[in-house]
Each structure stands twice: as C-alpha cells, then as structure tokens.
Amino acid sequence: MDNLYRDFILEHYRAPHNHGALDPHDLAFADSNPTCGDEMSMTLVLDASKQRVADVAFDGRGCAISQASASIMTDELRGMTLDEVRDMDPRDVVANLGVPIGAARLKCALLGYKVLQGAVTGAISHWPDEADVLQKGPVS
Amino acid sequence: MDNLYRDFILEHYRAPHNHGALDPHDLAFADSNPTCGDEMSMTLVLDASKQRVADVAFDGRGCAISQASASIMTDELRGMTLDEVRDMDPRDVVANLGVPIGAARLKCALLGYKVLQGAVTGAISHWPDEADVLQKGPVS
Amino acid sequence: MVTAHVQPGVLDGAAFRADFPVFDRPHRTGRPLSFLDSAASSQKPRVVIDAVADAYAHHYANVHRGIYELSEDATHRFEAARDALARFIGAPSAREVVFVRNATEAINLVAYSWGRTNLHAGDLILATEMEHHANLVPWQQLAAATGARIEYVAITDDGHLDLDDLRARLARGPRLLAVTHVSNALGTINPIVEITRMAHEAGALVLLDAAQSVPHMPVDVAALDVDFAVLSGHKMFGPSGIGALWGRRDLLDAMPPFMTGGSMITRVTLDGADWNEVPWKFEAGTPAIAEAAGLAAAIDYLEGIGMAKVRAHERFLFDQAWAALSDMPGIRFLGPDDSDEHAGVISFMVDGVHPHDVATILDGEGVAVRAGHHCAQPVMLRYDLPATTRASFSVYNDLDDIVRLTDAIRVTQRTFGTA
Amino acid sequence: MVTAHVQPGVLDGAAFRADFPVFDRPHRTGRPLSFLDSAASSQKPRVVIDAVADAYAHHYANVHRGIYELSEDATHRFEAARDALARFIGAPSAREVVFVRNATEAINLVAYSWGRTNLHAGDLILATEMEHHANLVPWQQLAAATGARIEYVAITDDGHLDLDDLRARLARGPRLLAVTHVSNALGTINPIVEITRMAHEAGALVLLDAAQSVPHMPVDVAALDVDFAVLSGHKMFGPSGIGALWGRRDLLDAMPPFMTGGSMITRVTLDGADWNEVPWKFEAGTPAIAEAAGLAAAIDYLEGIGMAKVRAHERFLFDQAWAALSDMPGIRFLGPDDSDEHAGVISFMVDGVHPHDVATILDGEGVAVRAGHHCAQPVMLRYDLPATTRASFSVYNDLDDIVRLTDAIRVTQRTFGTA
Ligand SMILES: Cc1ncc(COP(=O)(O)O)c(C=O)c1O
Ligand SMILES: Cc1ncc(COP(=O)(O)O)c(C=O)c1O
Chain A
21 MDNLYRDFIL EHYRAPHNHG ALDPHDLAFA DSNPTCGDEM SMTLVLDASK
71 QRVADVAFDG RGCAISQASA SIMTDELRGM TLDEVRDMDP RDVVANLGVP
121 IGAARLKCAL LGYKVLQGAV TGAISHWPDE ADVLQKGPVS
Chain B
21 MDNLYRDFIL EHYRAPHNHG ALDPHDLAFA DSNPTCGDEM SMTLVLDASK
71 QRVADVAFDG RGCAISQASA SIMTDELRGM TLDEVRDMDP RDVVANLGVP
121 IGAARLKCAL LGYKVLQGAV TGAISHWPDE ADVLQKGPVS
Chain C
-6 MVTAHVQPGV LDGAAFRADF PVFDRPHRTG RPLSFLDSAA SSQKPRVVID
44 AVADAYAHHY ANVHRGIYEL SEDATHRFEA ARDALARFIG APSAREVVFV
94 RNATEAINLV AYSWGRTNLH AGDLILATEM EHHANLVPWQ QLAAATGARI
144 EYVAITDDGH LDLDDLRARL ARGPRLLAVT HVSNALGTIN PIVEITRMAH
194 EAGALVLLDA AQSVPHMPVD VAALDVDFAV LSGHKMFGPS GIGALWGRRD
244 LLDAMPPFMT GGSMITRVTL DGADWNEVPW KFEAGTPAIA EAAGLAAAID
294 YLEGIGMAKV RAHERFLFDQ AWAALSDMPG IRFLGPDDSD EHAGVISFMV
344 DGVHPHDVAT ILDGEGVAVR AGHHCAQPVM LRYDLPATTR ASFSVYNDLD
394 DIVRLTDAIR VTQRTFGTA
Chain D
-6 MVTAHVQPGV LDGAAFRADF PVFDRPHRTG RPLSFLDSAA SSQKPRVVID
44 AVADAYAHHY ANVHRGIYEL SEDATHRFEA ARDALARFIG APSAREVVFV
94 RNATEAINLV AYSWGRTNLH AGDLILATEM EHHANLVPWQ QLAAATGARI
144 EYVAITDDGH LDLDDLRARL ARGPRLLAVT HVSNALGTIN PIVEITRMAH
194 EAGALVLLDA AQSVPHMPVD VAALDVDFAV LSGHKMFGPS GIGALWGRRD
244 LLDAMPPFMT GGSMITRVTL DGADWNEVPW KFEAGTPAIA EAAGLAAAID
294 YLEGIGMAKV RAHERFLFDQ AWAALSDMPG IRFLGPDDSD EHAGVISFMV
344 DGVHPHDVAT ILDGEGVAVR AGHHCAQPVM LRYDLPATTR ASFSVYNDLD
394 DIVRLTDAIR VTQRTFGTA
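Residue numbers (my numbering), protein chains in the order written: chain A, 21 to 160; chain B, 21 to 160; chain C, -6 to 412; chain D, -6 to 412.
In structure tokens:
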C-alpha cells in the first residue's frame, strides 16, 4: 500500500488524460462512490457505425486512485466496439493501475469502470463483487 | 427455593380458599400472567356501604404459587375497605406466602394481587416493579 | 427405560460439555448442571467466546471500509462471516444474507418491507397454528396495517401440520405462507419440501422460520426451495445480538429498505436518498461486528461436528427420553411420536402439577428446563393447556441428562403426591 | 506547536492504552497503532471484553424468566445493565431505557412507532443540516409515508447551528425537532438546553442524537430536558450490537410497538395480541444479552474515569491538535474553533489531496483516521466538499498521536508535492 502513490499514478492524477466533457456526445453517464461521495461523469462519441468508441472523456472530482484509474482506462477505449467495452474485465482495470489495491480502495479504482458500464449499458451497473475482483485479480 | 413447596402452600393449592365465582357481584376483574399465560378472575361482593369487602372469590387455573397466594390473600380481604385494599403492599402478599420467592416466580406470587387491584381500581394495573418488591421485601 | 450404553454413531455428550465453560460452574445444588433448554438459547463453546474476544481485542474497528488496516481487517472478517453463513445454509450467494439481531427482526423486516409494499386490502396471508409469536404477530400487524386477511393452517391432534387444511387454504390464493421448519412448542419437523411445492403451485411465497432447524439438522435453503428463511445466532452456539434473513436475490432487490441511516445509502441530500445494494440496503447503522465473528466460529464448530451427526445424536436422545417418560405414570406428551418427524424438543405435562411448579422443582435438582407457553400461545389454546414443560437437547446432553430429568420428575410427583 | 508535557488534570493516554489489548497488536509498519477513529467506533478495554466472555461462559441463558438458576442470573444481569445505563445518562427510570442494536435503530423505532401514529399530512418535522444520516433518512422516510413536511435548520459558515434559523422554523409549529448533541462531521457541540427550551416553547418534542456525546462528556437527559435520546454502545467502549433509546415514560407508554414477536406481548391469540409494558413492549425477540453485560462494564469503566475528566482530556487534545494543524501550511478546518463548542473530533482538508488519499498515506504511517462524508453528506454539500479527513480522540490518545498525525500529514504533502 505504501507504494500506492507511485509517480505513474500521481502523474495521471495531476494531469488526467481524456478529462472533461464531450459535447455533442452519443452516450453519457454519471455515478458516484458511496464510500466517499465522489462523483464521476463520462461522455462518449461513437464512430459512424455507432458500434465503436471514437472519443471519450470523464469529469468530476475524486481521489488520486479514481482519477488515475479513469485516466488510464479511458486511454484504452478508442476503437473498441461497445461489445468489447461491455466485456471488459474489472480485474484488468485494477491491474492496469500497476499498484496493489486493497478492499478499502477498490471502489475508487473501479468508479470509472462502473460509470463506463453505465454509459454503454444505459443503466446503473452493479459494483463488481469485491471477492471476484480481489481474489482472482493479478494484484492484491 | 427447594422448600418452596411446603405443606402450607400445597394445602392451599389443593384446596384453595375462596375459590369460584360470586354471582351476583359488585366488582369483577380478570388478568393473566404473561410469562405463563395463566389466567385468573376475581369477583367481589361489597357490603351495604359499598365501601367494604363482604365476600370474595377467585377462579382460574395456575401454578401452586399463584393459587396459594390468591387463596391466602383473599382470606384477608373480608371487612377491608376498598381504600385499604388499594393500599395493600405487594411485599406483604409475597411475605404472607412464608417461603422465599425469587424473581422468576414473582409474577406467579403477585397474579392474585394484580387481579384484585384491577377489580378495585377498575383498570388494568401494572405489575409492581420487581426491584421494589424483591429488594425491600422481607423475604428473598 | 434408559439404555446404559451409547449407540454407535452417536456423540459423546461429556466430551462436548468439556468445550462449554458453563458446565464448569457448579449449580447451587453442588451438582453439575443438566441443561435442557437449548431450544430457548444454546450455551456457547469456548471457541465462540474466544472468537468474540479476539475480534474485540485484535480486529476491531467499525466496518464498511475505513481506509486503514484495522478497519479493512474488521470489514473482511465481517463479510467472511456472511460468506460462512451463506455456505452453511446453502444460500446461492452471500449477497442474499442480511445480518439482523435475531429471527424476530428478520421476520419483521420482511413484514414491513416486502409486506407493506406488496400486500393490499383483501390479500391473504397464511401462517400456521404452530408458529412462534415471532412468526405470527408481525403478520397480524401487517394485516391490520394493509387490510390483508390472515388465516392459519390447522394442526392435528398429534401435532402435525394438517396438509389437507393447508391445501384448502392455498386454494384461496394467499400471497405468502409463513411456516416454521421445527415447532419450538411441539417439536414437530414440518415437511418443507412438500409444503413449498404446494405453496408455489398455488402462487404463494414461502417464508421459513428456520430458528429451530438450522442449529439442529442439515438445512439447505436452495434445496428446500423456500423464498425467505430466518434464523438466530444465539440458538446455534453463536453470540446473542446477531441473526440473519436469507432471501431470494430478486425479492430482496425489489424490496424497499426497512430501517434507514448510515451505510445503507449511496447518496443522501436534504431532498432524499438512494439505497445501497443488497444486503447492505437492509443493514442500517453499525452492525453486530464481533458477534459476526462469533457466529462464524459457531458455524465452524457445527461444521466440525457435522450437522447430520448433530441430528442423529439429538434424535437418539429424543427416542430415549420419549421411551423413559412413556414408562412413567402421569406424563402426557405433545407432538408427533415418530422421531422422523420430531426434533430434540419434548413438550410434556405432569398430571396434577402446573409446568411452572415442575420447572421450579427440577431446578432444585439442577435440571434446567423451560415452562410456559414457549411464545406459542395458540398452540397452548389448541390443546387447551395453560403451559407445558419443555426439555430440549443439544450435543452436550447425553443419557445422564435423561436419567436426571426422569428422577427429578419423580421428585416432583412425590412432592405433589400425584404419583 | 505541540507542548511536550502533559497538562495538570489531563489523563495519561499511555496508561489507558495498556487497558486496551488492540494496542498490543503491531501495525503492519511495525510501529504502534495511532488510533484516531474513535468517533466511528471506540476500541474496547479488557474489562469489557472479559465481561462479555464471562457472561457467555458463566451466566448465559435466554432472559425473561426461565424458571431456573442460570436464566434468573442472566435476566438479573441484563436488567442490571439497563439500570446502569439509566443511571449513567440521568434517566428518571430504567423502565424508560429500551435496548436496541444501535442509535440508528433507536431513531427508526421512534420514526416508525411515534411518527407513523402521531404525524399526519402537512405536519412539520425539523431536523438540522448537520445530522448524521441516521437522524435524517428515517425522518425523510417518515415524511414520505405520512405526507408530513421536513425542514432543516441551517448551519453557519463556522459550523454552528443557526439559532435564528431554528427560531424562525420553530415558529412554524413543528411536531418534532431531531437534533444531534455533537456533530460527528464537524465536531460542534450544540447548546441543547437552550435548543430544548426553544423547541418546547414552540410545542415541539426533541429527539437528541447523543451517539457522539454520551461517550465523551457528562450527559444527563433529564437536565437537558429532551424527550427522546439515542446512543450506541460500540462508541462508548461497549460491545457492538447494542444501543439504546431513552424516552419519556408517558411517550413510550402511548406508543405502539415497532417490531413484534416474543417477549413484547402479554397475550397472543389467532385474532390478535396485547402488548407488554415498557420497555419490553419494544424489545421483540431475544435481545443482545452478553452485549448488555459488556455495556454495563463499559459504563463502569467510564464512571471509574469520570466523564468530566474524559471531556477535559479530549478537549486538551483537541486544543493541541488544532494549534498544531493551524501551524501547518495548506490545512483547512471545519467546525467551531472554540473548544467550548467543539468535541474531540477534527474534520479537515489537506489542500490538493483528496481525503481518501490522505487516509491511505496516514495508514501507511500507522495513523488510523477516517476519510469520507462521515454519513453526513448534507454537511459536505453545505461546505461544497467531496469529503473530509477526520481525526477523533479518546482516553487512549495523547500528544504522541498528534505528533504522529502532523508528521504523517507532512509525508502526504511531500508525496503529492503540495507543500
Ligand atoms: C452523530 C451520530 N449519530 C448516529 C450515528 C449512528 O450510530 P450507529 O451506526 O451506531 O447506529 C453515528 C455514528 O456514526 C453518529 O456519529
Ligand atoms: C421457532 C422459533 N421462531 C422464532 C424464534 C425467535 O427467535 P429470537 O427470539 O431469537 O428472535 C424462536 C425462539 O424462541 C423460535 O423457537
């Protein structure tokens, strides 16, 4: 935990990629982390087929973990099909942070993922079951 | 506790005094012991002044303690004024049993008293606070 | 006649007593305690007491994700207890297990939350004549609040649920059947698989009161195919202050919260609130944290014995006690006489002696039994009894307890001159 | 600047830590734990843990008058705990003390039982903007269920309740004012005597949320002249799973039960039920028995220290911490700056660092604080903050904790390059 704040994370926190709001957009969603009240919104623009992410942005305030996680995750999205986005594994989102995430901060690491799933499914998504993400995840 | 069932108690239990129902009567009341569901009713006939007990009877089924207690207590009532009955001390009712009564059986010992108070006050009476009866009572 | 040697496959009660510190305390008679009131609440094994103490001493903080080591530890253990309970009762998911104080609160939760949302004037609720007050009064209150009607499935003279009566009442289309797995007043084990099938065919949900079954026999809520089940930790070697509601996820998801406050919300403004997901939606405020750790230890302890063995042991004791009491004059029983359908709970009458007096005299002999209506007054009314005396068994009982029970009943009868 | 020597009259935190086994457990950093989250839940002294263990090991049976030694013993101890709590909070009678799980349940009990009986469409409920969710959401739900309206007393920029706003809203004739004694998010101590006088003059009942005051200062419900008060055992060195509602006897007597089931009835038939007297009318099912024994031990422990001393100690630590943090760059506070009106709870912001990240870095230094909305989201909205970091004190804290807190904040600022 003590190396949770590696430079990599802090850089994404200080200068998050894909930050802001896209207008006009095709998909939008907002959700919050009940443990801290942090709120995040996300806007997506699709390509002409309306099946693929052309652009994405996230907004809102939050901790370094949630901001860095959303920043890193959104970097991956362009060009993905909506089905691929829906099939994303939350364990990969956590793993991509490159630092160990414990149960107490898991929702921070997954807030961006949850908002994204809300955007592409059009409904409030459930938090992934903690045990699934932590037990089988590549990091602990 | 082991000498709770002295012959005195058992005799009152087997052949309770003042058992049955008076008809006609001036006052009547029935109540129950929530810890066991035992129910008891009492009927009283007053003298011409309507201020004094002329006759009394109790009915219902119950344990040896509640039956003996009601039997002994009702023996005392004839000739008492209603005010005197209302002023009766529940500790005396317990003491008159002549055996130690613990908290677990206190309601048994006081069921007759409670029904009597209901009859003379015309309303459901509260159980005397256990601590009051047990702490200060002459027996334990 | 009590047979003097232990049957094969049956547990050694004395060995279990060594696990329970209460048996070190001498009764005021100087004799060891013969504890025959486990149906009211079980004694606690040392492992459970130690687990509670350890939770307070070394793993305690408020749960739900304080961002520090101790709170993560406490939260993890709390949720692990939920997992253990889910596994123990065959729940498909730990997310379906809601921690409450006791079985009573679990039933009230369903009556308030599911009931007040789903029931309307004229709807029918079915309970049975053998329910504990906990599984009766909340439904009566629900009926009074919603205008729903309530009917009761009859019991037969020998203490079975009357399945013909059940069938007839199910035909009237009740919304819910509230039924106990084991009657704490009669000892009857109800045929829940069959009952649930009948109820579901009639379109009724089934709430199972498993307070008296989970501690004493294998229970699998999925196999029983019920919709809700409730239990109390304190009856299954666990701490007081903790119990559980299990419910089908789709039902729990659709229900509004019961109590509200901290941890059951995701967002609160001055204009209103959004609810957390199940099970947390139903757990307002700080829960029974160390008690959950104790419950997990109790489940471990029970699993270590094996629930089939627990059941076999208590069944053996029931058979022996029933036989021994049958040999005595002036004893009458309630409930089925076949131990296939009778848990380790014997409700009986000693002719000519009120149950309260029986219990007091037995206490004088160091034998702890319960006397009263056992929070099942309608059962007493059904059999026109003011009360009964009840002896109930657990793993720490053995044939010696039956000898002491019968001896103490003889003392009672001598005292009252009834035999 | 932290002064290095202990003020006269202030307690020796290290001596108290020796009473609490949690401090024997090394933090994963190898350093001793600096526990600054007692406002969420306190740690437990050995005497409380032992009292719970002893209750299970030697005095355990279901309460409410089983007719045998062990049950009489358990019942006596359970009711003695009620007496102890009544005395501790200045309740005129132990019959006015209802055991529940926690402060949250106590408030829900009043909202369901008193509220749904007494409130009607158009009636006004008053709460405050600084309430914990436990003292907000139940009233919002009550308003939604009855058609009553709910308004909130404003808080000032420096974290006081706005008494002018209170006066203006009381003039609209609310039926009830729900107000906290101490805000867990701001640390504010509200002037309850004055507030109650104003509310009573306006004809409103007062429900006091005493969850954060009873553990930390002398509280006398009769002297405060409130109508209901609620508290949680786990915040006052007691076990989890037990809390209490105190209410004026005439109010409690007139209220219908909340949950129903065993022990809260006198008579049940298939047609309905009669209720037991208070407090038992409100205690359905088997209560938290051993937890009551633990709570009694916690009260003993607190009384042994003396609540005035507890308050003096925590006030001293507050003053020192406030001074030390004020000397640091980039720290902002919530709540009153005068320790007359501020309990041992400091809510603060570290500029440029989210409170979650502050808490994680502090945890890395062995300092346990809470970060988040503290179940008081409207307070966060009021000050336009997503969350705060909160340090709170108890008898086992001392100046060393403040040194470690400030050092760890410096580590945080270095990590984030903000100072
Ligand atoms: C002011 C206040 N009220 C109520 C509560 C709720 O207490 P519990 O979770 O024990 O019900 C808390 C606990 O955080 C509190 O601080
Ligand atoms: C069949 C049954 N249901 C429910 C209960 C209520 O349990 P609790 O008091 O733990 O809520 C009991 C306990 O006596 C019981 O025997």
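Quick reminder that beta carbons are idealized off the backbone N, C-alpha and C, glycines included. What you are looking at is a predicted structure, and each value in this text was computed from that prediction instead of being measured.
Residue i to residue j span [Cα, whole Å]
| i | j | result |
| --- | --- | --- |
| C:Leu119 | C:Asp213 | 23 Å |
| C:Leu12 | C:Leu374 | According to the sequence provided, residue 12 of chain C is Asp. The question's Leu does not apply to it. For C:Asp12 and C:Leu374, the distance between alpha carbons rounds to 39 Å. |
| C:Val351 | D:Met210 | 50 Å |
| C:Gly23 | C:Ala401 | 15 Å |
| D:Gly115 | D:Ala141 | 5 Å |
| A:Ser61 | D:Asp344 | 23 Å |
| A:Leu30 | A:Asn23 | 11 Å |
| C:Asp243 | D:Gly108 | 30 Å |
| D:Trp239 | C:Leu117 | 37 Å |
| D:Arg241 | D:Pro272 | 11 Å |
| D:Thr408 | D:Pro167 | 51 Å |
| C:Gln370 | B:Gly57 | 8 Å |
| C:Arg325 | C:Met342 | 5 Å |
| D:Tyr294 | A:Tyr25 | 42 Å |
| D:Leu156 | D:Ile148 | 9 Å |
| D:Lys274 | D:Thr110 | 16 Å |
| D:His366 | C:Ser340 | 54 Å |
| C:Ala215 | C:Ser86 | 10 Å |
| D:Ala(-3) | A:Arg111 | Note on D:Ala(-3): pLDDT 46, under 50, position unreliable in the model; the coordinate value appears next. Rounded to whole angstroms, D:Ala(-3) to A:Arg111 spans 48 Å at the Cα level. |
| C:Ala164 | C:Gly231 | 40 Å |
| C:Tyr105 | C:Glu98 | 10 Å |
| D:Leu154 | D:His126 | 17 Å |
| D:Leu26 | D:Val360 | 6 Å |
| D:Gly226 | A:Ala50 | 38 Å |
| A:Arg125 | C:Gly255 | 19 Å |
| B:Gly80 | C:Val15 | 39 Å |
Residues that DSSP places opposite residue i in a beta bridge
| i | result |
| --- | --- |
| C:Arg363 | C:Arg383 |
| B:Tyr133 | None; B:Tyr133 has no bridge partner. |
| D:His335 | D:Thr181 |
| D:Phe341 | D:Phe326, D:Thr382 |
| C:Leu154 | C:Ile148 |
| C:Trp268 | C:Ile258 |
| C:Ala436 | No statement about residue 436 of chain C is possible, as the shown extent of chain C runs from -6 to 412 and does not include it. |
| C:Phe28 | C:Ala361 |
Own chain partners of residue i with C-beta closer than 8 Å, once the 5 adjacent residues on each side are dropped
| i | result |
| --- | --- |
| A:Met21 | For A:Met21, the predicted model reports a pLDDT of 42, less than 50, meaning its position is unreliable and no value from the coordinates is stated. |
| D:Arg94 | Gly234, Ile235, Gly236, Ala281 |
Own chain residues within Cβ distance below 7 Å of residue i, not counting five before or after
| i | result |
| --- | --- |
| C:Asn128 | Ile100, Ala120, Ala171, Thr173, Asp202 |
| D:Arg260 | Ala266, Asp267 |
| B:Leu97 | Val73, Val76, Val105 |
| D:Val414 | Residue 414 of chain D cannot be examined here, being either before or after the span of chain D that is shown, -6 to 412. |
Own chain residues within Cβ distance below 6 Å of residue i, not counting five before or after
| i | result |
| --- | --- |
| C:Pro348 | Ala364, Ala380, Thr381, Thr382 |
| B:Ala90 | Phe78, Gly132 |
Return the chain-ordered ranges of every alpha helix (DSSP H) run that is complete within the segment 89 to 115 of chain C and spans a minimum of 4 residues.
-> When DSSP assignments are scanned along the segment 89 to 115 of chain C, the uninterrupted stretches of alpha helix (DSSP H) that are 4 or more residues long and fall wholly within it turn out to be 96 to 103.
Residues whose Cβ lies closer than 7 Å to any heavy atom of ligand 1, in chain order = Listed by chain position, these are C:Gly254, C:Gly255, C:Gly278, C:Thr279, D:Ala32, D:Ala33, D:Asn95, D:Ala96, D:Thr97, D:Glu98, D:His125, D:Ala127, D:Asn128, D:Thr173, D:Val175, D:Ser176, D:Asn177, D:Asp202, D:Ala204, D:Gln205, D:Ser225, D:His227, D:Lys228, D:Gly236, D:Cys368.
Which ranges would you report for the alpha helix (DSSP H) in the segment 159 to 227 of chain D if only whole runs of at least 4 residues count?
-> 185 to 194, 214 to 217
Considering only residues of the segment 38 to 95 of chain A, which uninterrupted beta strand (DSSP E) runs meet the minimum length of 3 residues and lie entirely inside it, listed in chain order?
-> Counting only runs of 3 or more, we get 47 to 52, 59 to 66, 73 to 79.
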